[in-house]
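Here the structure is laid out as structure tokens; the discussion comes afterwards.
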Amino acid sequence: MGENWFTVEKINHSTFVISEYLHPEETHCYLLCGSQKALLIDTGLGISNIYHEVIKLTDKPIVAIATHIHWDHIGGHKHFSEFYAHRDELCWLCGKFPLTKDLICHMLASGCDLPSTCNLAEYELFQGSPSKLLDDGDRIELGARSIKILHTPGHSPGHMCFWDETNRFLFTGDLIYKGLLYANYPSTDPQAYLKSVEKISAYTPAKIFPAHHSLDIPVEYIAQVQNALRALNDRHLLCHGSGKFDYGDWSILL
Ligand SMILES: [Zn+2]
Ligand SMILES: [Zn+2]
Numbered sequence: 021m022g023e024n025w026f027t028v029e030k031i032n033h034s035t036f037v038i039s040e041y042l043h044p045e046e047t048h049c050y051l052l053c054g055s056q057k058a059l060l061i062d063t064g065l066g067i068s069n070i071y072h073e074v075i076k077l078t079d080k081p082i083v084a085i086a087t088h089i090h091w092d093h094i095g096g097h098k099h100f101s102e103f104y105a106h107r108d109e110l111c112w113l114c115g116k117f118p119l120t121k122d123l124i125c126h127m128l129a130s131g132c133d134l135p136s137t138c139n140l141a142e143y144e145l146f147q148g149s150p151s152k153l154l155d156d157g158d159r160i161e162l163g164a165r166s167i168k169i170l171h172t173p174g175h176s177p178g179h180m181c182f183w184d185e186t187n188r189f190l191f192t193g194d195l196i197y198k199g200l201l202y203a204n205y206p207s208t209d210p211q212a213y214l215k216s217v218e219k220i221s222a223y224t225p226a227k228i229f230p231a232h233h234s235l236d237i238p239v240e241y242i243a244q245v246q247n248a249l250r251a252l253n254d255r256h257l258l259c260h261g262s263g264k265f266d267y268g269d270w271s272i273l274l
């Protein structure tokens, strides 16, 4: 079963989505190939070895990057010698991640049959030193393909969205997806969340790609989330502890 853990789909000749549909998180990772190197946006849960999948898709050197340093996006980082991170989440890579290993293992095992190759007793939250620290507006040059870093805090302090100018693809991580959005942890910031959604609203993507759940997200979805958060803000509800708000196929927990 370990071999079938990932579902790989081709978006275009140089872009792939690698999904973990067998887990309730339904995490998506994206491989963006340039003429010189490839960028792997998020490395998933770490239940199965994503490196074995990506080397079937590219022969270029691969740099890993996470939309943010949460356990479900950095699970496969250990397989890559080079990875980049936003400076505002550096402390989560050196022993200060706020969740315990037991809690993460509980979330990894809940609601899913783990592959026989996965031994949670050996699970360790990834820790390491990034080969490069990123800031808002930085670019990652892949060769005939330039990826712009958009610092989008709110779900987490160093959350990043990625703008692929060549294809007009916007990778939105945990800031925007269909399902329950989380802005309730102590490390979240509901006001920053709105500002980040407003920031990505300035872009006109041909397609948006989330880090979880359905890949079928119309580009107008960003404006819907923005309008809903602005309305909550007008009612002074865009703050921690105000509860859960439902909007059909998405909701937000504050
Ligand atoms: Zn997250
Ligand atoms: Zn996530």
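Using the working numbering, you'd call the opening residue of the sequence shown number 21 and step up by one each time.
Beta carbons: idealized from backbone N, C-alpha and C, even for Gly.
These numbers were taken from a predicted model, which means no experiment stands behind them.
Query	Result
Suppose contacts are defined by Cβ-Cβ distances below 7 Å. Is Ile-169 in contact with Met-180 by that definition?	yes
Does at least one heavy atom of ligand 1 sit under 6 Å from the Cβ of Asp-209?	no
Using a 10 Å radius around the Cβ and a threshold of 16 neighbouring Cβ atoms, would you call Ile-75 buried or exposed?	exposed
In its own chain, which residues sit with a C-beta less than 6 Å from the C-beta of Ile-38, not counting the 5 before and 5 after it?	Phe-26, Val-28, Cys-49 and Glu-73
Could you tell me which uninterrupted beta strand (DSSP E) segments, each at least 3 residues in length, are contained entirely in the segment 186 to 235, listed from first to last along the chain?	189 to 193, 199 to 202 and 227 to 230
Tell me, to the nearest whole angstrom, how far the beta carbon of Leu-123 is from that of Ala-84; I am working on the premise that it is less than 8 Å.	Not confirmed; about 24 Å, so no contact.
Rounded to whole angstroms, what's the CA-CA distance from Ala-58 to Lys-80? Just pull it up for me.	6 Å
Specify, as a first and last residue, the run of the alpha helix (DSSP H) that Val-74 falls within.	71 to 74
Identify the residues that DSSP records as bridge partners of Val-28: which are they?	Ile-38
How would you write the range of the beta strand (DSSP E) that Arg-250 sits in, first residue to last?	That residue, Arg-250, is in no beta strand (DSSP E); its alpha helix (DSSP H) goes 241 to 254.
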